Amino acid sequence: MESAKVEVERVYVINLRRTREVSRTKRSPYAIRLIRSFVARHMKVDPDKVRIDNEVNEYVWSRSIEKPPRRIEVK
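For the sequence shown, position 48 matches number 50 in the numbering used here, and the numbering has no gaps at all.
In structure tokens, the structure reads:
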């Protein structure tokens, strides 16, 4: 009997306020790293295995490198 792969879908609101502590020209890349580490921590996987969807990436970079959003909802 094959083991069934269980898919879990969760919705998280990730607070990105810590990006304001980083210098202006590094905020959006730092926000992407925060999202990756948050998802890895909550889904119990290695951060290298977390893939950031293009839609999430475009939303973070929508207001340029200096002003990423304060929070983001990911599924």
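Glycine is no exception: its CB is placed at the ideal position from the N, C-alpha and C atoms.
None of these values were measured; they are calculated from a predicted model.
| Asked | Found |
| --- | --- |
| LEU36 to ASP50, Cα distance in whole Å? | 13 Å |
| Classify ALA33 as buried or exposed, calling it buried when 16 or more other Cβ atoms lie within 10 Å of its own Cβ. | buried |
| Tell me the DSSP secondary structure of ILE34 in three-state form. | helix |
| Within the same chain, show all residues whose beta-carbon is closer than 8 Å to that of ILE67, passing over the 5 residues directly before and after it, in chain order. | ARG26, THR27, LYS28, ARG29, SER30 and PRO31 |
| Check whether the Cβ of TYR61 lies closer than 7 Å to any heavy atom of the ligand NAP, and answer yes or no. | What this structure holds is no ligand at all, so the ligand NAP is not there to describe. |
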